[in-house]
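Residue numbers (this note's numbering): 2 to 31.
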């Protein structure tokens, strides 16, 4: 059960990171 909750938390964290990277990429390219 704990592992499952951890996976869900990690997935949310990764999603947030991916969104952050997506929004940040245009700035990095310039």
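Just so it is clear, CB atoms sit at the ideal spot from N, CA and C, and this is done for glycine as well.
Going along the chain, which residues of its own chain have a beta-carbon closer than 8 Å to the beta-carbon of residue 23, five neighbours each way excluded?
Along the chain shown, read from residue 1 onward, the residue named residue 23 stands at position 22. Nothing meets the Cβ criterion.
Could you check the C-alpha separation between residue 4 and residue 14 for me, to the nearest Å?
On the chain shown, position 3 is the one that residue 4 refers to. On the chain shown, position 13 is the one that residue 14 refers to. One C-alpha to the other measures close to 15 Å.
Whole angstroms are fine: how far does the CA of residue 6 sit from the CA of residue 26?
Taking the first residue of the chain shown as 1, we reach residue 26 at position 25. Taking the first residue of the chain shown as 1, we reach residue 6 at position 5. The alpha-carbon atoms of residue 26 and residue 6 are separated by roughly 30 Å.
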